[in-house]
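Read the structure below first, then the notes.
Number of protein chains: 2
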Amino acid sequence: MADLRGGDLSRLRQLNSLTAIRELRGSGPLTLSALAERTGLSRPSMKEVTDELMALGWVEEVPPSQGTMGRPARRYRFRADSGHLVGVDIGGHNIRAALSDLDGRILAETRQPVLPGAPLAERLAAIERAVSGCLALSRTSVEQVWLISVGTVGTIDVEGRVIYSAAVPAWRDLDLAGALREVFPCQVLIENDSRLAAMAETRRGVAKGARDVVFLHVGRRMGAGLIIGGKVHRGFGAAAGEISMLPEARWFDAPEHLNTCACVPEGTPPEDAAGYTLAAARDGDPVAIEAVERYVDDLAVGAAAMVLIMDPQMVVLGGGFSRSADVLLDRLRERLERRCMRLPEVRASTLGDECVVVGAIDYAVEHLDEQLFTPDRGPLPVTR
Amino acid sequence: MADLRGGDLSRLRQLNSLTAIRELRGSGPLTLSALAERTGLSRPSMKEVTDELMALGWVEEVPPSQGTMGRPARRYRFRADSGHLVGVDIGGHNIRAALSDLDGRILAETRQPVLPGAPLAERLAAIERAVSGCLALSRTSVEQVWLISVGTVGTIDVEGRVIYSAAVPAWRDLDLAGALREVFPCQVLIENDSRLAAMAETRRGVAKGARDVVFLHVGRRMGAGLIIGGKVHRGFGAAAGEISMLPEARWFDAPEHLNTCACVPEGTPPEDAAGYTLAAARDGDPVAIEAVERYVDDLAVGAAAMVLIMDPQMVVLGGGFSRSADVLLDRLRERLERRCMRLPEVRASTLGDECVVVGAIDYAVEHLDEQLFTPDRGPLPVTR
DNA sequence: CTGACTTACGAAGGAGCGCTTCATTAGTAG
DNA sequence: CTACTAATGAAGCGCTCCTTCGTAAGTCAG
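Those sequence lines, one after another, are chains A and B.
With our numbering applied, the first sequence closes on residue 381, and no number is skipped along the way.
With our numbering applied, the second sequence closes on residue 381, and no number is skipped along the way.
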């Protein structure tokens, strides 16, 4: 039930302006006639609307397309460059940042390595360096950034305070949103990284267009993100997807099967062990295959729980181990098939390491849209 | 992002009419001034809207309230009696039906006993008897019924075809919606009964107002229904909530702890065994308590999985065993607290056996609202 | 290069909806 | 009976969108 409310005449104009913007955002430059047809308005009215939007800086004219019959029509397009969005991925070893326009098109990316045990101040400084780097790369000033969207491990409450973070202990109880707001003069959004990755996959990855998606983060730690009805599902206490806490789901220690496999040569750094096992399994090493089988056995229990409870359209395998999806996918499918009523599609992430940053951007775009298209908050800033 | 679309001037009127209807439905009879204030319109405009709605039969005038200062204001109210809704609960042993007005206020209820093994035709006949009974009780003709909403065990696909039903094998592959549509000349909705019970609890039961709710059906069979964002969550293949299929969740055989308890006297009919055990546990029988502990141990695993994955605001315990909620609730809470990051509220259903019928009615109301308040489908039938 | 054709533009006039304003009406309080 | 209160109903205005028309700016055929 949409939040429709009638009202003044001016409200009707507002509604029409917003539909126009939405159409322009959705499909490149459009002529007046095309816009009129899509929005259902007459051409003269459409003209008035676009004139207003141009004056406000939301829309601009582009050169008419040539070679058509008849008088060339003016074309208009959404000014995606009238503002910018920043996405940040705060990982254990790396901090990634990306800058995008208002359509979520990525303009620049940077990465700042950081030691897992680095103190708080150092981490925050690295975040600032990563973001500034992006801005510098595309010659954008920080005032042009409308929204910063951050993904990190752990659970984050509604106000952007970190509740719990196993990977980055220093994060606990930190008012992350507040700390970032002091550095960057704009709105700050914080979300769990698995949820943002899930978002990215449904917006531009392998699950594009799906409404209900379960994203499995398989890597040195296990995590999950849910998309329900096309939107990120946070849960009442922002703790949705934490199935790895349940011993019976057998997720928490699952990676140990890969880490402690006998096939891993002595002296291998612990963070490379699992990767080695997966590679060995691909090459047919029976010991490694045995370890992978046991790993997927465990992975499938928690995954089946999520599938049975949610009945999603698709399960997406992401995170570090998803590089070895060829070794994992069929095995996971086979086990899910056995346990679930209806086997959803099971696919591997296509976005790789950028998954979370890109998801942060997509999350920001969604947030922006929501502000834009929610009546009573009115078309946002004007002619920046 | 609301489904806002601008358009014609008449569209604005439509929007205003709908908000007026919504306000009137929400809070009893209202005067013009009150309506105007709530919708944001001016009084003269409001008058025009209500005149139109009266002409269409959606709204009627009621006598003005007396004893107020100044000229008594006309009062208007939504004509909830201008149409009717029917809810049906197809259980193993009973078929319940209820008739309500368009606000979901229940006007009549009936129950038809039916044998678990009854053939298809007999069951359908019982449904028809139950519904006709309701109509007769409140002297309503079948033409006045806008919507029939049915709850049943098993999974039902989008078109109303039964995919799977453990309790009623004859149901399998039956086009239930189609069969009912042949008998009743109106729209037919089919849903899983646990989901409808969940709906009832969030609409008028113990979880009223909550947006994310997990409903646990505890009884001779186990089931679950999810409410996410205030709406029933079906899942992509209408199979959401089927966690009892997962052996590791330990739900499927959980009731056996109660059924086969040594405390149950020989000769007790099998359907009463669990109830006996629960009652004995309440009275302090240590053997029964032991069985209940084991039962809740199992129940808590699947429940914890749902809580960890969804992070709901509330868990509602419903179904036959919830009559013994006093024996179960604290034990369940204690186990969930141990397993989950954040313990949601855990409460017992307050609606009892009528849960599913009432939920069916609520589901019908929601469906109606959605049709009503979704633009482009326009205010439904006129002056019935 | 010219004329026919196609398509878009822009201005003018009209209808619908909501707003404000003001005199009128129907009650209660003293 | 009079003063006061609050709703009613009618009149006039402004905004938004619509339809209709003549005009402008291209392409295409000869």
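The beta carbon of each residue, even a glycine, is placed where N, CA and C say it ideally should be.
Remember, it's a predicted structure, so these values are computed and weren't measured experimentally.
By the criterion of Cβ-Cβ separation under 7 Å, what are the contact partners of D295 of chain A in chain B? Within chain B, no residue comes near D295 of chain A; the closest Cβ sits about 10 Å away, beyond 7 Å.
Through-space distance from L32 of chain B to H214 of chain A, alpha-carbon basis: 51 Å
For a contact defined as C-beta to C-beta under 7 Å, what are the partners of Q310 of chain B on chain A? F233
Kindly say whether D209 of chain B, judged by its beta-carbon, lies nearer than 7 Å to any beta-carbon of chain A. yes
On the three-state DSSP scale, how would you describe R71 of chain B? coil
Interface positions of the region 329 to 363 of chain B facing chain A (Cβ-Cβ less than 9 Å), listed along the chain: R336, C337, M338, R339, P341, E363
Determine the closest residue to R247 of chain B out of B:H230, B:R218, B:R19, B:E263, with distance taken between C-alpha atoms. B:R218
Pull up the distance between the alpha-carbon of A221 of chain A and that of L132 of chain B, whole angstroms please. 49 Å
Give me, in chain order, the residues of the same chain whose beta-carbon lies closer than 7 Å to that of S30 of chain B; leave out the 5 immediate sequence neighbours on both sides. R40, A70
Any idea which residues DSSP pairs F212 of chain A with across the strands? A:G222, A:V313
The ligand ATP and S7 of chain B: does any heavy atom of the ligand fall closer than 6 Å to the residue's C-beta? You won't find the ligand ATP in this model; it holds no ligand whatsoever.
Status (buried if at least 16 other CB within 10 Å, exposed otherwise) for S50 of chain A: Residue identity differs from the one stated: residue 50 of chain A is Leu in this sequence, not Ser. Buried, by the Cβ-count rule.
Since L348 of chain B and A115 of chain B are thought to touch, with beta carbons under 8 Å apart, how far apart are those beta carbons, to the nearest angstrom? At roughly 26 Å, the Cβ-Cβ gap does not stay under 8 Å, so L348 of chain B and A115 of chain B are not in contact.
Alpha-carbon spacing of E239 of chain B relative to Y273 of chain B, whole angstroms: 27 Å
For my contact list, I358 of chain A and I103 of chain A are in at a C-beta cut-off of 8 Å; report their separation, rounded to the angstrom. 7 Å
Please name the residues in the region 218 to 248 of chain B whose beta-carbon is closer than 9 Å to at least one beta-carbon of chain A, in chain order. A221, L223, I225, G226, K228, H230, R231, G232, F233, G234, A235, A236, A237, G238, E239, I240, S241, M242, L243, P244, E245, A246, R247
Quick check on R84 of chain B - is its C-beta less than 7 Å from some C-beta in chain A? The amino acid at residue 84 of chain B is misidentified as Arg; the sequence shows Gly. Not one chain A Cβ lies under 7 Å of G84 of chain B.
When the cut-off is 7 Å and only beta carbons count, does V298 of chain A lie next to chain B? yes
Beta-ladder partner(s) of N189 of chain A, from DSSP: A:T149
Closer than 7 Å, CB to CB, is G37 of chain A near chain B or not? yes
Can you pull the chain A residues whose beta carbon is under 7 Å from the beta carbon of A301 of chain B, in chain order? L243
Taking A94 of chain A and V354 of chain A to be in contact with their CB atoms under 8 Å, please state how far apart those CB atoms are, rounded to whole angstroms. 7 Å
Ordered along the chain, which non-local residues of its own chain (more than five positions away) have a Cβ less than 8 Å from that of T47 of chain A? A17, L29, L32, V56, Y73
What three-state label does DSSP hand T107 of chain B in the structure shown? strand
Which residue wins for smallest C-alpha separation from R76 of chain A, given the options A:G67, A:E58, A:G151? A:E58
Chain B contact for L377 of chain A (CB, 7 Å cutoff): Only weak support exists for where L377 of chain A lies, its pLDDT of 42 falling under 50; the value from the coordinates is given anyway. Not one chain B Cβ lies under 7 Å of L377 of chain A.
Find the residues of chain A that neighbour L305 of chain B, judging by a C-beta separation of less than 7 Å, and give them in chain order. E239, I240, M242, L243
Indicate whether at least one CB of chain B lies closer than 7 Å to the CB of L9 of chain A. yes
Three-state secondary structure assigned by DSSP to K205 of chain B: coil
With distances taken Cα to Cα, identify the nearest neighbour of L134 of chain A among A:A235, A:S97, A:L296. A:S97
How far does the alpha helix (DSSP H) with S97 of chain B in it reach, from first residue to last? No alpha helix (DSSP H) contains S97 of chain B, which is instead part of the beta strand (DSSP E) from 91 to 98.
Inter-stretch contact (C-beta, 8 Å, three-pair minimum) for the region 281 to 292 of chain B and the region 170 to 185 of chain B: no
For D250 of chain A, does the three-state DSSP call read helix, strand or coil? coil
Could you work out which residue in A:G37, A:V203, A:Q310 is closest to G234 of chain B when comparing CA atoms only? A:Q310
Alpha carbon to alpha carbon, what distance is there between L15 of chain B and L369 of chain B? 8 Å
Could you tell me whether the Cβ atoms of M303 of chain A and I306 of chain B are closer together than 7 Å? yes
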